[in-house]
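**Q**
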Amino acid sequence: MKLSIVITGEEHYKYSQEICETIESSALLRGTGIAKRTPAYIQKKMEHKDAIIALDKGKFAGFCYIESWQHGKFVAHSGLIVHPDYRNLGLAKQIKSKVFDYSLEKYPNAKVFGITTGLAVMKINSDLGYKPVPFSELTTDPSFWSGCKTCTNYEILKSKENAMCLCTGMLYDPKEKPKDPPKHPFNIRIWNRLKEIKQALFLKK
1 MKLSIVITGE
11 EHYKYSQEIC
21 ETIESSALLR
31 GTGIAKRTPA
41 YIQKKMEHKD
51 AIIALDKGKF
61 AGFCYIESWQ
71 HGKFVAHSGL
81 IVHPDYRNLG
91 LAKQIKSKVF
101 DYSLEKYPNA
111 KVFGITTGLA
121 VMKINSDLGY
131 KPVPFSELTT
141 DPSFWSGCKT
151 CTNYEILKSK
161 ENAMCLCTGM
171 LYDPKEKPKD
181 PPKHPFNIRI
191 WNRLKEIKQA
201 LFLKK
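Under this note's numbering, the sequence shown has 11 at position 11, and the numbering climbs by one with no breaks.
(1) What are the boundary residues of the alpha helix (DSSP H) that residue 4 is part of?
(2) So what's residue 110 in DSSP terms, helix, strand or just coil?
(3) Starting from residue 39 and walking both ways along the beta strand (DSSP E), at which residues does that stretch end?
(4) Output the boundary residues of the alpha helix (DSSP H) element that contains residue 15.
(5) Assign residue 125 to buried or exposed, taking buried as 16 or more other Cβ atoms, counted over all protein chains shown, within 10 Å of its Cβ.
(6) For residue 132, write down the residues that DSSP places opposite it in a beta bridge.
(7) Can you give me the start and stop residues for the beta strand (DSSP E) that residue 80 sits inside?
(8) Using a Cβ-Cβ cutoff of less than 7 angstroms, which residues in the same chain neighbour residue 164 once the five nearest sequence positions on both sides are dropped?
(9) Could you check how far apart the C-beta atoms of residue 122 and residue 168 are, in whole angstroms? I think they sit under 8 angstroms.
Printed below as a string of structure tokens:
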């Protein structure tokens, strides 16, 4: 299967509603928190060419967008999603690699970061050279953290004063030998155990 993975433009607005619905339904299925986005917000990203979309002969297959913070000091990749019909084909990694390279080109001096509860995303990030970091090493821009308000885990984040949550923070600094392979390969069993410990601590009644 050969898909087209391209930088977005206004011609992709028609996919914005489906993208939002796919992101939300995927989060509900996994039982994870997620910051909700509107079709208008997705269209704005498309207009500014801050997003990547995967298409199969005009059918939506996957998506991811870029956000910049603190005047371009940090960038994050958000809304990474693959349509159910195209999962388990390695498409998420292809999209992530594309948006990663594109963001380094568009924001060459920015540190790239993300927060996620998804082990698959952590694995992809680790392969790209991200390292796990405390939230204190991420952006301090309140607009970024405000985006977490629609997440089901927001009360945890707020109670910890944005210092920690169920999500894991990951950071890529282009000044630290870009794209070096990780010194310690990602171990899903270890990260799954750490995730369970977090859940036990933060979700205990």
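For each residue, glycine too, the CB sits at the ideal point set by N, CA and C. Keep in mind the model is a prediction, meaning the values are calculated, not measured.
**A** Walking through what the data contain:
(1) Per DSSP, residue 4 is not a residue of any alpha helix (DSSP H); the beta strand (DSSP E) it occupies stretches across 4-7.
(2) coil
(3) It is not in any beta strand (DSSP E) - residue 39 instead sits in the alpha helix (DSSP H) that spans 39-47.
(4) That residue, residue 15, is in no alpha helix (DSSP H); it is neither H nor E in DSSP.
(5) buried
(6) 170
(7) 74-82
(8) 135
(9) 6 angstroms
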